[in-house]
Each structure stands twice: as structure tokens, then as C-alpha cells.
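Here the protein sequences come in this chain order: A and B.
Numbered according to the numbering used here, the first sequence spans residues 1377 to 1613.
Numbered according to the numbering used here, the second sequence spans residues 1377 to 1613.
Built from N, CA and C at the ideal position, the CB exists for glycine as well.
A quick note: this is a predicted structure, and the numbers were derived from the prediction, not measured.
All remarks here apply to the structure that follows.
2 protein chains.
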Amino acid sequence: MLVTTSDTDYDPAAFPPFAVTVDLVILTVRPPRLDVLLLQRAEEPFARQWALPGGFVGPDQDLIEAARGKLEQKTGVSVETAHLEQLATFGHPDRDPRMRVVSVAWLALLADPPDPVAGIDALDSAWVDIDGLDRSTLAFDHHLILEAGIERARNRIEYTTLATRFLADEFTIAELRSVYETLWGVTLDPANFHRKVNASQGFVTATGRSVSHGKGRPAKTYAAGPAEYLEPPVRRP
Amino acid sequence: MLVTTSDTDYDPAAFPPFAVTVDLVILTVRPPRLDVLLLQRAEEPFARQWALPGGFVGPDQDLIEAARGKLEQKTGVSVETAHLEQLATFGHPDRDPRMRVVSVAWLALLADPPDPVAGIDALDSAWVDIDGLDRSTLAFDHHLILEAGIERARNRIEYTTLATRFLADEFTIAELRSVYETLWGVTLDPANFHRKVNASQGFVTATGRSVSHGKGRPAKTYAAGPAEYLEPPVRRP
DNA sequence: GAAATAGTGTCTTTGAGACAATATATG
DNA sequence: CATATATTGTCTCAAAGACACTATTTC
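Structure, rendered in C-alpha cells:
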């Protein structure tokens, strides 16, 4: 933290100021779509371009509090039911044309969100399908952040139980499977997947109820189990 | 990035300044020790306590450049031969008693480093065994950062070829095994490990040479292969 | 009953681990 | 040769995947 060879290094106040922001990659799964929440900017720079939701960190605000606040403000979803984790920090000197801004990016995973809350300062806000989105048109370096978020989510569901965060409290194995299929862009064998999920201790717990989706045999429903990590993992094909 | 409900949010310069630093978890393996590079602070706050190497990010300096500079300055090792990756960002409002400081932490993995370069501003610097270190005595929130770094390293060697970064250009399978054993605190079956490493495409490539360690059959030597990820992974027991 | 989806059985292949056996050096 | 370490062989078990088959609903 402190040790260097120049005297000025000892005094934090002697250093030029940085602005610190949070940016959020908020993902939800609506098969066959993987959607990210984007806002259309009203102001320069990058006016009218789409961007990730984010904002400045308050002077006495913890980083995760800033992220949590933005998440709840933009989605209307309590962070209790969502997953929020730190992703990475982006701080290239030229990433914001106005001044030096370091952005701490966060990844949020949500189940079945309501329509986004339009801020008075954004032209529009929407859940945007990951496919069919030209990421290079995003404001700032948000294409990098989005890329990192998607990649993180794809990896996380392999070793953790986070796939259930994309679903309601009660869900079927087929719905859980569709989360994997949507994120990974593959199709999985229903039979093998069913067995694997039930074999992974604490991944899901049966509710004892069933639900009918119109056609076919009704599916038993499950709730997220107590486990945080999958053992063995659900490996990506 | 921009959208909120208050007007001041639009102007980055209107926001109170943060200081931004980098802190480094620099690890090396010297079986049976896993060592981290620490500095003993000369100045308040936390004078005489041990801390991770770090420093302020320059006004026009990219984050990774700041980390790279510190790494080379403190270890005398070129970043070419080391691995450096971003770890996480720590920004609790009270983590530095002087002012608001957000620290971007980095993880570095090194092979067989020289003695640390003592800065004129640190009382001492040393490679410290992870075991036998009372992490709670570290300055700032560096116990959290160190914890995150160790955990990251332990996970990385499971799915990536990074274990070879702890070794010289030429190494034996037994030396590679000792990296895993040291980081994971386990003993692995030499026979099974040998086969697994050779079965993992691109993990290591034979040099055609051998080396004798005094007793026993001489071991063939290998160099790091072209692969970055292990397929299949070397799973932690 | 036909169609559709949920869930089970079974077989094959692959990788992990235990451990015996062989290879090649030093003293 | 005794000993130590490296490397290969072999066997067993667990998990993954292909796919046939059964179960239970709607129309």
C-alpha cells in the first residue's frame, strides 16, 4: 500500500483524484434468451447509446452498497432474492473521456424480473437478448464488462448452485435444465441431467408438489437446496 | 454509468475524490512452503506492521501497469516470466484511516525469486511462509486480500496450467507435483499424477533431457506446454 | 388412443485412485 | 546389492453420455 521510493507516495491526498463508479451486468434467463439489462443514455458522452446500469460510489458508501442500490433501483428487485458478486475492475485511463474513472463491475443474477424501471435520466431501458446485440456499440468499455459478466456466469453454474438464482422459488428440473442450455447454448440430455441434479447433494430439494405445463406428464417441483457448491460439478459439454 | 435521479451524478468532477491503489499478493512455492512477499511498514498508519506490497496508481497509468511496476520493483523479476492477474477490489470506506482509498488487488505467481528488494521506505521485506503467519496482524485489510489471493491460486491450478509458473523453465513431474501438494496441503500419488499430467494435452512438453537429484532414478525434464486450460482438470482431492 | 413431456434402466466409455511391478540412478 | 525415486501396469470404482424404455398427463 505505501512503500515506494518517492515522498509523495506517502500522502494519499497528494494524489490526483479518481472517480469511482460501479457498473452492473444484470442477467436473467428467459429461454431461449439470455437477457441483460441495458439503459439508453440521455447525455453525452455516448448519448443515445446503450450502456450498463451504473453510477458513482458515494464518499462513505461501500462498493457493494453502491452496486446493491443500483440493482434495486433499476430492477425493482430486492437483493435478497438476487445474486450479486464482484466481477472485475476496469480502469483504463481513457475509458471515460471526461476524467479518470475507475469502475468496479458487478454481476447480478435474477429470476423473472419485472419490466425495468425507467430512470428520468435515461431515454429507455430494456432487457436485451445477448444474441442479436452488437456489443461493440455499447458505451464506454461496456462491451468488455458485459463479456466478462457473461463468461463469469457461464463458468459459475458449472461449479456452484447459482443456476437456481435464475428461477423462481419453485421450479422443475426441466426449467433448471433450460437455464444451463440457455447460458451454454447447448442441448442437454433430459434423462442424464435429471439424474445428475438429483445426485448432487444439496443442489435441489423436492417440494412434494407437481405442476402441469399443459401437455405431457406433470413435473415434480423443487426448491433450491442448501448447497452453494456442486459436488460433483455439472461439467460443460 | 450515468443514470441516476440526482443531477450531480452527471458530473464526475462534482464527486468527492477517491485514491486508487494496487496491492499485490505475490506467491512463490518453495516446498514445503508457500511464501508471500511482505513488507514491514516504516510509516503510520500501521507502522512496523507487515503489509502487502502496493502503491498508488498514477493519474494516467493503467491499473495493470501500476501492478506490473510494483511487481518488478519489489521482486526484481520481469513480468514476462511471471503470471499477473487481477484478483478483486477492496473499497470499504474505513479500510484506510487517512482517506477514502479503493485498492485493486492483483495476484502474481513467481518461480524461484531472488531475495526481495528492500525499498528505502520499508523497514524490511521478506518471503513469509503462509503457515506460521498470523494473518490478522497484517496492515489495513490485507488479511482479506491475502486470503483471496491464496484461495484464487489454489483454485486456478485445478483448471489451468498456471502451476508451471511456480517452476523454472525446465522441471520434473515430481517438482510439478510438489507445487500442487504445497498449495493444497495434500500428498498426491506419484504414479497417478504422472499419468494425469502427461494425459492432459499441452500441459507439459518433454525436453528429452533428464536430471539426477542425487538418489533414485533420474527424472525426465519438461517445459510448460502451450495449453492455458487443463482438459481434463486436475481435481483437488 | 396419439402426442408430448417427465422420469428410470442399462450399457459403454472415460477418468480417478489404490497399489503392485518395473526401471535406473547413488552409495 | 540396498535404497531411493521415477515410471509403467493393472484393477476397481465413479461419473458421463447414448439411448431404450416406462409413466402420466392433455387432447
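Please classify residue i: is it buried, with 16 or more other beta-carbons within 10 angstroms of its beta-carbon, or exposed?
i, result
"Thr1451/B", "buried"
"Lys1591/A", "exposed"
"Ala1544/A", "exposed"
"Arg1444/A", "buried"
"Asp1436/B", "exposed"
"Thr1563/B", "exposed"
"Gly1508/B", "exposed"
"Phe1394/B", "buried"
"Gly1561/A", "exposed"
"Ser1638/A", "Outside the displayed span of chain A (1377 to 1613) sits residue 1638/A, for which this structure offers no information."
"Arg1593/A", "exposed"
"Ala1567/B", "exposed"
"Arg1585/A", "exposed"
"Ala1575/B", "exposed"
"Arg1541/B", "buried"
"Arg1528/B", "buried"
If I measure Cβ to Cβ from residue i and keep anything under 6 Å in the same chain, skipping five residues before and after, which residues do I get?
i, result
"Ala1442/B", "Val1398, Val1433"
"Glu1461/A", "Leu1483"
"His1519/B", "Arg1511, Ser1512"
"Val1396/B", "Val1433, Val1478"
Is any non-hydrogen atom of the ligand PLP found closer than 7 Å to the C-beta of residue i, if you look at the structure I gave you?
i, result
"Leu1463/A", "Among the components of this structure there are no ligands whatsoever, and the ligand PLP is therefore not found."
Leaving out five residues before and five after residue i in sequence, what residues of the same chain have Cβ atoms less than 7 Å from its Cβ?
i, result
"Leu1439/B", "Val1398, Val1433, Val1480"
"Thr1583/A", "Glu1546, Thr1597, Tyr1598, Ala1599"
"Phe1579/B", "Thr1537, Val1573, Gly1601, Ala1603, Leu1606"
"Pro1469/A", "Arg1476"
What span of residues does the alpha helix (DSSP H) with residue i cover, start to end?
i, result
"Gly1525/B", "1518-1535"
"His1570/A", "1566-1575"
"Lys1591/B", "Run containing Lys1591/B: none; DSSP gives neither H nor E here."
Tell me which residues share the same chain as residue i and place their Cβ nearer than 8 Å to its Cβ, disregarding the 5 neighbours each side in the sequence.
i, result
"Glu1534/A", "Leu1606, Pro1609, Val1610, Arg1611, Arg1612"
"Leu1326/B", "The question about residue 1326/B has no answer here: the residues shown for chain B are numbered 1377 through 1613."
"Val1618/B", "Residue coverage of chain B in this structure runs from 1377 to 1613, which leaves residue 1618/B outside it and unanswerable."
"Pro1490/A", "Thr1451, Gly1452, Val1453"
Which two residues bound the contiguous beta strand (DSSP E) that contains residue i?
i, result
"Val1477/B", "1477-1486"
"Glu1448/B", "Counting along the chain, Glu1448/B falls outside any beta strand (DSSP E), though it belongs to the alpha helix (DSSP H) covering 1439-1451."
"Val1555/A", "Counting along the chain, Val1555/A falls outside any beta strand (DSSP E), though it belongs to the alpha helix (DSSP H) covering 1549-1560."
"Leu1538/B", "Leu1538/B -> no beta strand (DSSP E), and no H or E assigned at all."
"Asp1500/A", "1498-1505"
"His1459/A", "1459-1466"
"Gly1430/B", "1430-1432"
"Leu1413/B", "1409-1417"
"Leu1514/A", "Per DSSP, Leu1514/A belongs to no beta strand (DSSP E) and is neither H nor E."
"Glu1395/A", "Correcting the residue type first, residue 1395/A is Ala in the shown sequence and not Glu. Here the beta strand (DSSP E) through Ala1395/A covers 1395-1406."
Of all the residues that make up the stretch 1400-1417 of chain A, which are near chain B by a beta-carbon distance shorter than 8 Å? Leu1415, Arg1417
Under 7 Å (Cβ pairs) to chain A, residues found in the stretch 1455-1467 of chain B: Gln1462, Ala1464, Thr1465, Gly1467
Does the structure place the stretch 1407-1421 of chain B close enough to the stretch 1500-1507 of chain B that three or more beta carbon pairs sit under 8 Å? As far as the Cβ criterion goes, the stretch 1500-1507 of chain B touches the stretch 1407-1421 of chain B, which means the pair count is three or higher.
With 8 Å as the limit, tell me which residues of the stretch 1471-1483 of chain A have their beta carbon closer than that to any beta carbon of chain B; keep them in chain order. Asp1472, Arg1474, Met1475, Arg1476, Val1477, Val1478, Ser1479, Val1480
So if I threshold CB-CB distances at 8 Å, which residues from the stretch 1430-1442 of chain B count as touching chain A? Gly1430, Gly1431, Phe1432, Val1433, Pro1435, Asp1436, Gln1437, Asp1438, Leu1439
Check distances from the C-beta atoms of the stretch 1557-1590 of chain B to those of chain A and list, in chain order, the residues that come in under 9 Å. none
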